[in-house]
Structure formats: structure tokens, C-alpha cells
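Here the structure is laid out as C-alpha cells; the discussion comes afterwards.
Residue numbers (the numbering used here), protein chains in the order written: chain G, 1 to 84; chain V, 1001 to 1294.
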């Protein structure tokens, strides 16, 4: 796989499929096409979103930053493999 | 399918002619015997019982009563030696035993800020008898500081990859089929900073904070922003505190030779100490069982 020129992190919501967990947790998944090793999920306590101590925008930004950090390392690994 | 006993036997009365006999036996062969021939793809046995070059075997449609998956598919999960051939049979942890091992000693880390804590899960793999399953990293946000959480993920087929890690304070919740228990971690307290209002010249200096600090003996603080001569030596140092009053604490530093404290200084509680453990591969001893089908 070649190196990626730009980061395009896709964020989607992951549902558990049962009302109990879906009410208690909001799970966001950040991924980059073609790099499954950097896919990360962030489970957010919905009570913390409701009481305002966390915001969805901040949590989404944190997830994207996480994925981008992993992607940078992943790209470095790919670059290293070119020399082998 | 009509039962054989319900099929009337038709044969003309009187002497038997060869042509009649051949016709009747022909019908018998085509309509009756062929119905039970497992090599005949049009019978009700087709795909249930299958002829092979060496005998007869169960086909894909050999469904156990009340089930929707055939016996051959089910048996792909069991090897010829009677051992489990699929991780579907495996629970990553059993009571006091271990049948899997995580690839890293520290998979969970936690941070706190304000009223919330976040647990980070590092990418790792879990080694089973049949091989390793790789799990992506993840995180859990919106948790309570100074609380022990048990971290798990539901992964019914133990396929790994990106899974949803969750945390619970009740270890009873860890026991569920297809649930992978990663371990426990105590979230740290949120870092908080107090200004220093007074300090003594003593063998173990006592500091007074601008308000009740709410700290406990044995915790650590990092000092900064001292401006008085000698006292600046405290800046960026970390000391273990002994609480002497709601707004006072001492640290084992001799300040008898320092000049008098006049102003300045802050103390910030350090938030790094957390307890972690448990998870797949944990437990007492190194016992491992093999999955032998009796």
C-alpha cells in the first residue's frame, strides 16, 4: 500500500443493537480507508454529554486526532517497509 | 414425501407377461427406489445425505432438529483430533484459570481532567491456543475520576479488529458469552492546583494553601512559581506530602536556612499513580486446558 498524501478520517456512530448499551454509550468510530489498523472507537458516556462536562464536538475532535496520530505512525511503518 | 407403505401395489390379475413385469419393475425402480437413492440429486435426501467414493456422508442440508445450520458447517469448528478449531469455543478468561495471554503488560492507561476521566486502550493482541487475535486501540470517555473500572468488549467470534471498549464498575458484568475482559484500572484524580499562602522555616517545611486542598497524606505535589530567594529551589520539584490540616501539608525538605517566605508558589497534585491489572491471561497460576471433545 502506498503512503497517503492527505488524511481523510471518516467518523461514524456504532450502535450496539441493544437499547441498554445504546442509551448508556455513544460509540464513535474513526477510520481511514485502506488503513484498517488505525481504525479506533471511542465510547462516550452519554451521561457526561448530558451534564455538559463533555461535548460531542470535542470528543469527535479527540477521536480524529487519535486516528491521525496512528495514521502518521502507520505511514512511517509503510515507508520503512519500502527499504526492505 | 409419501410413505412407501401408503403406495398401492398395482399388478394386473391373471398370468404375468414379461412386458407387464418389466413395466411394473421399471416404475418401481424409477419412482420408489430412486427416491431413496442418495446419488439421485432429485431426492429429498439430496444435500442431506451425500454419496462419496468411499461411502455416505452428511450433506449441507443435514440440519439438526430445530437448527438452521447443517452438521458439516458446525463440525468445521472442531478438528479431527477432537479439539476446538475455532475461537468461538474459547472464552478469553475463566475463573482462576487462564486460556489466553495478552501481548502487553500494560494495555490500559487513564487520565483525568475536570470532572471526567478517559481510559485509553492500546492496540494489542491476545494469544490463544489456535493463534493470535489482534485488537485495535480505542478509548472510553466520560468516566468518573478515582474509580476502579473493569474494561471489556463484546466480540462474539473473537475476531478482533476495531471493537467497542466499554467500562463498568461492577465486575459481575464481565461474565457474558463472547465478552472479552481486558483488565481493570483505577482512574486518577483530576490534577488540581493550590496557591501557597505561607511556608515555615523548619526541618520539614509546612505550607499553607489559599483554601482547603482536599488532599491526603502520601499523594505527591509539584511546586512552581516560587519567587523568594532559596524558595525557588522548589520550582518544578515533586514531593510526597503529609497532610497536617485541611489547608496545610508538610514535605521532607529542610528550609531552616532559607530566608523568610513572603509570597508566591503553587502546588499541583500529581495524577499519575493508577492501579491496573486483570484481563485475559490473568488469574492464578498458568493452568491451560485443551479442548478435548469426549
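Every residue, glycine too, gets a C-beta built ideally from N, C-alpha and C. A quick note: this is a predicted structure, and the numbers were derived from the prediction, not measured.
### Task
Run through the stretch 1077 to 1123 of chain V for me and flag every whole beta strand (DSSP E) of 3 or more residues, listed as ranges in chain order.
1108 to 1113, 1116 to 1121
#### Entry: Residues near residue 1193(V) in its chain [Cβ-Cβ closer than 6 Å; skip 5 each side]
1266, 1268
### Message
Taking the alpha-carbon of residue 1182(V) as reference, which of 1195(V), 1149(V), 1189(V), 1213(V) has the nearest alpha-carbon?
### Response
1149(V)
### Beta-carbon neighbours of residue 13(G), restricted to chain V and to distances below 8 Å
Near residue 13(G) there are no residues of chain V at all, since even the closest Cβ is about 11 Å away, more than 8 Å.
### Message
Tell me the residue span of the beta strand (DSSP E) that contains residue 1176(V).
### Response
Where residue 1176(V) is concerned, there is no enclosing beta strand (DSSP E), given that its DSSP letter is neither H nor E.
### Task
Would you please state the rounded distance, in angstroms, between the beta carbons of residue 1238(V) and residue 1221(V)? I believe it to be under 8 Å.
7 Å
### Message
For the beta strand (DSSP E) containing residue 1239(V), name the first residue and the last one.
### Response
1238 to 1240
### Task
Give a yes or no on whether the C-beta atoms belonging to residue 64(G) and residue 34(G) are separated by under 7 Å.
No, the pair does not count as a contact, with Cβ atoms beyond the cut-off.
### Query
Does the Cβ of residue 1077(V) have 16 or more other Cβ atoms within 10 Å, making it buried, or fewer, making it exposed?
exposed
### Query
Under 7 Å between C-beta atoms, does residue 1122(V) make it to chain G?
no
### Query
Looking at the C-beta of residue 59(G), does it have a partner C-beta in chain V at a distance below 7 Å?
yes
#### Entry: Residues sharing a beta bridge with residue 1196(V), DSSP
1209(V)
### Task
Flag residue 1166(V) as yes if its beta-carbon sits less than 7 Å from any beta-carbon of chain G, otherwise no.
yes
### Message
Less than 7 Å between the beta carbons of residue 1157(V) and residue 1067(V), yes or no?
### Response
Residue 1157(V) places its beta carbon 7 Å or farther from that of residue 1067(V).
#### Entry: Minimum Cβ-Cβ distance from residue 1119(V) to chain G less than 7 Å
no
### Integer Cβ distance of residue 1255(V) from residue 1201(V), believed to fall under 8 Å
5 Å
### Message
For residue 1015(V) and residue 1007(V), I'd like the C-alpha separation in whole angstroms.
### Response
Across the structure, residue 1015(V) and residue 1007(V) are spaced so that their CA atoms are roughly 23 Å apart.
### Query
Contact check, residue 67(G) vs residue 40(G) under 8 Å by CB: the rounded distance?
With a Cβ gap of about 5 Å, residue 67(G) and residue 40(G) count as contacting.
### Query
Which residue's Cα is closest to the Cα of residue 1211(V): 1196(V), 1217(V), 1049(V), 1074(V)?
1196(V)
### Query
For residue 1032(V), which of helix, strand or coil comes out of DSSP?
helix
### Helix, strand or coil at residue 77(G) [DSSP, three-state]
helix
### Message
So for residue 1038(V), helix, strand or coil by DSSP?
### Response
Looking at residue 1038(V) - three-state DSSP - the assignment turns out to be coil, as it is neither helix nor strand.
### Task
List the residues of chain V whose Cβ lies closer than 7 Å to the Cβ of residue 54(G), in chain order.
Contact annotation for residue 54(G) against chain V: 1116, 1141, 1142 [CB-CB distance below 7 Å, chain order].
### Query
Residues bridged to residue 38(G) by DSSP?
Partner(s): none; residue 38(G) has no beta bridge.
### Same chain, Cβ closer than 6 Å to residue 1117(V), neighbours up to 5 away in sequence not counted
1110, 1143, 1145, 1187
#### Entry: Under 8 Å from the C-beta of residue 1161(V): neighbouring residues of chain G
36, 39
#### Entry: 7 Å Cβ cut-off: residues of chain V touching residue 45(G)
Residues of chain V with a Cβ closer than 7 Å to the Cβ of residue 45(G) are, in chain order, 1141, 1142, 1143.
### Top-ranked residue by Cα proximity to residue 1031(V), from 1018(V), 1019(V), 1003(V), 1051(V)
1003(V)
### Query
Which residues of chain V have a Cβ atom closer than 8 Å to the Cβ of residue 49(G), listed in chain order?
1142
### Local Cβ density within 10 Å of residue 1231(V), reported as buried at 16 or more and exposed below that
Residue 1231(V) comes out buried.
### Query
Comparing the C-beta of residue 67(G) with each C-beta of chain V, is any distance below 7 Å?
no
### Message
Going by C-alpha to C-alpha distance, which of 1009(V), 1035(V), 1054(V) sits closest to residue 1024(V)?
### Response
The shortest Cα separation from residue 1024(V) among 1009(V), 1035(V), 1054(V) belongs to 1009(V).
#### Entry: Whole-number beta carbon distance between residue 1136(V) and residue 1176(V), since they are thought to touch under 8 Å
The Cβ separation is near 21 Å, so there is no contact.
### Message
At the level of alpha carbons, what is the spacing between residue 1263(V) and residue 1199(V)?
### Response
9 Å
### Task
Taking residue 44(G) as the reference, give the member of 69(G), 82(G), 14(G), 79(G) with the closest Cα.
14(G)
### Same chain, Cβ closer than 6 Å to residue 1273(V), neighbours up to 5 away in sequence not counted
Because the pLDDT at residue 1273(V) is just 48, under 50, the model does not fix this residue reliably, and the point stays unresolved.
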